[in-house]
Structures are given as C-alpha cells and as structure tokens.
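See below for the structure under consideration.
Chains as they are written, first to last, in the numbering used here: chain F, 6 to 412; chain X, 6 to 412.
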C-alpha cells in the first residue's frame, strides 16, 4: 500500500466547486488502494481578506495574533474538503497544525518545523480514512499557534511526507510541471519529466516560481520524492528526485531568468583588506538583499566592485553606496536598473566542459552584450540589458536542444 | 483586584470599527485596575457565511467537520480584538477553546463543558494582560474541536467566570438590560436593576431572548453573578443573582409572552391509565416540543386533553393527534393556532397569596377570555386569543405596578 501526501494550493481550493473537484480526485486515488494525506492552503482571497482587517486595526499587526488570525484560513478549507469527501462516501478526518501536531519554534509568522507527531494520522490511515491537514501552520511548545511564512503549505506537505516516509509528495498547482523555461517567453518550452533537487533549487532561486525554495530544500534534505502536477489537467507532472535520470541526459535542464534586477558599481575603491564588508554592510543594514557580487582588480591598485539587488531596492542601495564612496575615498558610484539575469541550469555541467563558452558564443552571435557573469557548480548566470531577455532565452533554448519533441 | 469576565456577541464585534470600540471599553476597565477576561462570538454574518458553504458541499454537513469550520469564526474575532487592544497599548493574549483548555464531551455541535484548565489565563492576568477567549468552542479528551450549540458563547463566559471565581460576568448585548416586559409592546416597560436566577430562567423560557437559558442555569448552579448590559450605551444593566434584593420587593418582576403558540385538544378520551403517554408519544416521535399540558376529567368517565406547541408544528401535531384519536376511540380533535401565552414572573409570588386571582380579575375586566392556565412556583401563564396580547400585557403591567418611575 503506497502512501502519498497531496498538497493543494489556494487556487485549487478557491471555491466550493473546486473543493468538490479536488475531493473527487482524492477519492479516485484512495479507490486505487493508496493511503492519502492531503495538505490544504486557505481558499484564494481569504488570506488577503483577513490581512486587510488586521491592517485596519493595527499596523503592523501583532505577530502572535496574526498567526491566530491567518491560521483560520486553512482550517476552513480542511473542514470543507473533509465534508466534500464524506459526501462522496469517502471517510475523512481533518487536523489543524496544532492537532497533528506539527511542533515548531516560536518565531511567529515565519516559524520552522521541529518535529511532527504523526500518531493520529497513522491510526486514521490504517482505518482507511483520508487525512486532511491544514498547511502553513503549527504550534510551539507552549501551545501558541504559529505559521510558517510564504510557501508554508508546501513545507507542511514535504515535512509530513518525510515523517510518514511517503512514497511521493504531490504538489498540485496551476501549472502542470516544471518547464525548460517560461512558456510565455519561449512557446517551444518543454515540460520536464524529471529534474534533480539541486537543479530545482537553482531554478527556483533564479525566478521559476513553481515551488518555494524552502520546500525543495526540505525535500532534498529528507529525500522526499516531490512531484509537481496540475490540479485541473491530467498528466504526470515533473518528478524532483536525487536520481540523475536518463542515460543520454541533456547538458542543461532549463533556463531561468529574473526580470526585476538592478546593478550597482563602485569604482576606484582603494584595495585594502575588509573593503568588501565596508561596502556591503551599510546595504545589509537597510535590509536589502544582495544577489550577485563581483570584484575586479584594476591596474592602479584600486578595485571595482559590482553587485545586483532587487529593482525595488535600487534607489535605497544607491544612496547607501554614495555615502560609502565618500567614506572610502572611492571614485564614483554608477548603476543600471534596466538589466535582467538569465541563467542556464543543469547537473550535466559537472561532467561536460565547454558549456560556458557555448553560452557566451550563442549570446555573442545574437549581438547581446554580457554585463556580468556568475557561476556555480550547476548554473551559469549572466546579466544583460533588459531588452535582450526574450532573445537570450530563445537563443539558449535552441542552442541547448530544449525544444519540444516535434514527433 | 476584581476579576471580570466580559462577553461580546456577534453584533458587538460585527465590524472592524465595533471591534475597536469594544477594545476601548475593555481598556478603560483594565485602567481602573480590574482583571479582564473577554469572551467573543464570531463577527455577525460569519457563521451564516460558513454554514452556507458547508450546506453547498454536504447535506447535512458532517458534525465533526462543522465544528472545525464554525470554530474559526470566534478565532478570527479573538485575534482582531487582541490586535485592537495591542494597538491601544493594552497587553493582550488570545486563546481558542482548545488552548484554554475548555474540555467538553464529544457531542459535536452541542457539546457540554466538563472542565476548564485556567492555568494560562491566571498567569496572563497576573502579568496584567487582558485575556481574550473564543466563545462557543471547546475540545474533547481526544483533541477534537467541539462547539457548544446555540448561545454557546454565553455559556463559555459563565463557565470561565465560575472557574476563575470572577466577581461578575458581564454579557454585553444590543439591549441595555432585562425589562419588566418588551418595550415594543408596553412603552412604559422599565429596566430591572436586579432579577433572581429563577425569575430570569422563567423569563427566558417564556420568550425573553436576552440570555440563553443554558447560560442562566449554569450561572445559577455555580453562583456566578451575571450582568446584562448594552455594548454601545452606558449604564449598569441588570444584575442576575441569588439575592432577593430590596426590602419592598415588587410582587412580580416582569411579564413575558410568546406569540408563536398553538393549542390542540383531544376530547372524549377514555380515562384509562397510560392515556397521556399514548397521546404525547406520537407527537414526541415527530420531534415536536410540547409546552403546556392540561388534562381535565369530564363527567362521563372520559377526559379532555390539551397541550400547546410552537405554531410551526401545528399542522404536523394535528395529523399525529387525529391518528391517536382513531386509535383510542376518542371523540374529536380541535385546535387553534391564533393563540398566545402571557406569563407573570416573580419570586414575590412565593410569599404573597392572591396574585393569581388579581391576574385573572385584571384580564376579566378587560374582557379577555382565558383559554388555558398553567402555574409554577414563581410564574403564572395564561393562554389567550392572539388579538388580546398587547392589551393583556399592558393591563397586567399597570396592575402590578411595573411602570417606569415618573420621578
């Protein structure tokens, strides 16, 4: 008897009709003899409705009470879905994060899971029941309600799958899998049957929003086989595992990109020890997240220092950097907030040389000037002018053979 | 340091603005140095919204899951009210029924409270916090969420007041106290400063909808001083206690009435042992609640049997009774669904003779024909034609001196 954890997001359970559809999908799986644990999010729109009321009352709302408030969203869904299952003659039982119980630390609004007591769930599964669990929420050791922050329901699903040693954890969403790149940019983008955790992590961190990074990390750590599927369309989706799949593996698995980048450069910085932290600390102090960082030594024993930030943080970063420039006696601060990052990702890079040079040649042939380069073991990112985004993605997609099978 | 339990119903917390008003009222009380525990209902409309979704999914909805669903209503209110208190600089902490914990039996949708663990509440009160508790809900010994049924939030408040040995339990509602009778029928109706538990129970069961009977019974059993007040108007409301108040106590405290009555009579029933149950069992089997019951022996060793039911149950009762009539060989079934019940209530009756005869004389003087009479130790009820309701209430209100003080 296989054990599966299914997770349905807010859109998938966004109305009474969709909840009924989800119940039918679950019942079919159970009728095949599988044991099913379902993790649900709040109905789409509900979290916004609750947050708006909280904002009207207190700014910012008290963390502990915000968790009490928002956790009702998933509780409503789990009760309605259980009713829908009962209505189909399928025995079901719902649990809040506190009832399961999903023990977390006490960091309200962004708690981390510490431990899961799956006793009740196992008893229910043995009795043939479908178990419905509220995603996104837990309870701390004092009994306070906590929530896991953005993408928390994915994390709940993966954590439950790990605790139950489930055969697979299915994340049902509004896309039918992970694609070689965004089909809105390259219509020939192809759904991947499989992808490795590391590739998925790179894809996610580079802007492919199918899964939350945290859930993928968690799944990788506990070796939970994750599958991304569509709630509404049939199909096998994309499996995320440690296995390195096919014999004739493609060199790269996908092309990720991020539109919302900006870059900042400070030139003529005296090249002394500790200069990097003197530049970056004032930026970090403003809670600005820095992405790529590049440092070059110039001829005259000064250095140029460049980094990228989210486009929304561009102005604030620039102001911080101009102060740094004066303090360090550097030459000047320049910047550009019309840039994007394009990355190729693939474990195939590890065993194949020449991938970087192929990438740079393809871009050069299209007349695209590379402004920055950054690499990791399974990823190469370049920063280019915003206007070249679509051209770069399509050219690389073709060059690395990622198109849909024409047959 | 006095300890108070305040309960606010759905209308009192029906919007963000009202929640803020309630928070200000609570803060003022706390600033006077009192310890405050607040019990809240779901925001008005919320229970209906949730119930409508459940009804669309399953008919009738699964009991256990209905409790999971509905209990979110109070959880939302308690979080928002706690935020509003924080916003006023008043430390506060919210608890669900499960967190308190309020242990109940496992009768979903109509659970009974067994025990309250008030440890956390006492610690919070000692730290100067206002404690906000979700009304209407509890948890059974297996950790399932339960709800207490109609008027459950009043019951939660009284139970908490009993557990905490609170000085008073305040029920804030949309009326400013208990009146001698309904002011819409008799504009001279006067708010009572005090009323005894027994009187309040009779008033409630006779149709005065200020408090739920169950909460009054509970308060009487555990000797919790209950006070009914308006959420929006200032004033001391009505205190409900065991004390028999003033020296010169009025003979009666109030006049209750019930518009939705119907009566049924079966005549010429052979007067044999067990005949009452043969008549009433078929009615009870249809889940019809019987109110007043009167039996008279006629001259010819047959008996006449009359009872009242809710007007909505009149037709179904009549059908059941016509079958009984045939089975028992009785004479005939008659009925009237245009009747009302008017009752005078007062502990003064115990020590004063002649109250019944005063009542009957007053009604006779107004030409009102009494169709049925029923008495208890502190109440006399009469059934009269519907058209006489207002006249009867006003005549009795005057005769027993219940008018507002003119001074």
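Backbone N, C-alpha and C fix where the C-beta goes; we use that ideal spot for every residue, glycine too.
Which value, in whole angstroms, describes the spacing of the CA atoms of residue i and residue j?
| i | j | result |
| --- | --- | --- |
| residue 387 of chain F | residue 100 of chain X | 51 Å |
| residue 308 of chain F | residue 273 of chain F | 6 Å |
| residue 140 of chain F | residue 78 of chain F | 10 Å |
| residue 344 of chain X | residue 208 of chain X | 19 Å |
| residue 21 of chain F | residue 159 of chain F | 22 Å |
| residue 364 of chain X | residue 401 of chain X | 7 Å |
| residue 204 of chain F | residue 80 of chain F | 34 Å |
| residue 337 of chain X | residue 284 of chain X | 13 Å |
| residue 74 of chain F | residue 133 of chain X | 23 Å |
| residue 8 of chain F | residue 129 of chain F | 13 Å |
| residue 57 of chain F | residue 35 of chain X | 28 Å |
| residue 172 of chain F | residue 121 of chain F | 18 Å |
| residue 223 of chain X | residue 189 of chain X | 29 Å |
| residue 3 of chain X | residue 339 of chain X | This structure cannot settle anything about residue 3 of chain X, because the visible part of chain X is limited to 6 through 412. |
| residue 155 of chain X | residue 53 of chain F | 30 Å |
| residue 261 of chain F | residue 186 of chain F | 6 Å |
What does the Cβ neighbour count give for residue i, buried or exposed, with the cut at 16 atoms within 10 Å?
| i | result |
| --- | --- |
| residue 177 of chain F | buried |
| residue 60 of chain F | exposed |
| residue 192 of chain F | exposed |
| residue 377 of chain X | buried |
| residue 302 of chain X | exposed |
| residue 72 of chain F | buried |
| residue 326 of chain X | buried |
| residue 286 of chain F | exposed |
| residue 357 of chain F | exposed |
| residue 332 of chain F | exposed |
| residue 268 of chain X | buried |
| residue 88 of chain F | buried |
| residue 231 of chain F | buried |
| residue 25 of chain X | buried |
| residue 181 of chain F | buried |
If we cut at 8 Å on Cβ distances, does residue i have a partner in chain F?
| i | result |
| --- | --- |
| residue 66 of chain X | yes |
| residue 168 of chain X | no |
| residue 103 of chain X | yes |
| residue 126 of chain X | no |
| residue 55 of chain X | yes |
Below 7 Å, is the gap between the Cβ of residue i and the nearest heavy atom of the ligand SAM?
| i | result |
| --- | --- |
| residue 154 of chain X | The ligand SAM is absent from the structure shown, which contains no ligands of any kind. |
So residue i contacts chain X; which residues on that side make the cut at Cβ distance below 7 Å?
| i | result |
| --- | --- |
| residue 413 of chain F | Since the displayed chain F opens at 6 and closes at 412, residue 413 of chain F lies outside it and no answer follows. |
So is residue i in contact with chain X if we call contact Cβ pairs under 8 Å?
| i | result |
| --- | --- |
| residue 133 of chain F | no |
| residue 253 of chain F | For residue 253 of chain F, the pLDDT reaches just 47, beneath the cut-off of 50, and the residue's location in the model is therefore unreliable, although a value from the coordinates is still provided. Not one chain X Cβ lies under 8 Å of residue 253 of chain F. |
For a contact defined as C-beta to C-beta under 8 Å, what are the partners of residue i on chain F?
| i | result |
| --- | --- |
| residue 129 of chain X | Near residue 129 of chain X there are no residues of chain F at all, since even the closest Cβ is about 12 Å away, more than 8 Å. |
| residue 62 of chain X | 21, 24, 25, 85, 88, 89, 92 |
For residue i, return the contacting residues in chain F, with the cut-off set at a CB-CB distance below 7 Å.
| i | result |
| --- | --- |
| residue 99 of chain X | 70, 73 |
Original post:
Between the region 71 to 89 of chain X and chain F, which residues of the former have CB atoms less than 9 Å from a CB of the latter, in chain order?
Top reply: So the close ones are 71, 72, 73, 74, 75, 76, 77, 78, 80, 81, 83, 84, 85, 86, 87, 88, 89.
Subject >> Selection of the region 270 to 303 of chain F by Cβ proximity to chain X, strictly under 7 Å >> reply: Taken residue by residue, none of the region 270 to 303 of chain F has a beta-carbon sitting less than 7 Å from a beta-carbon on chain X.
**OP:** Could you name the residues of the region 138 to 156 of chain F whose beta carbon sits closer than 7 Å to any beta carbon of chain X, in the order they occur along the chain?
**Re:** Listed by position along the chain: 148.
**OP:** For the region 18 to 48 of chain F, enumerate the residues whose C-beta is nearer than 8 Å to any C-beta of chain X, in chain order.
**Re:** Going along the region 18 to 48 of chain F in chain order, one finds 21, 24, 25 with a Cβ nearer than 8 Å to chain X.
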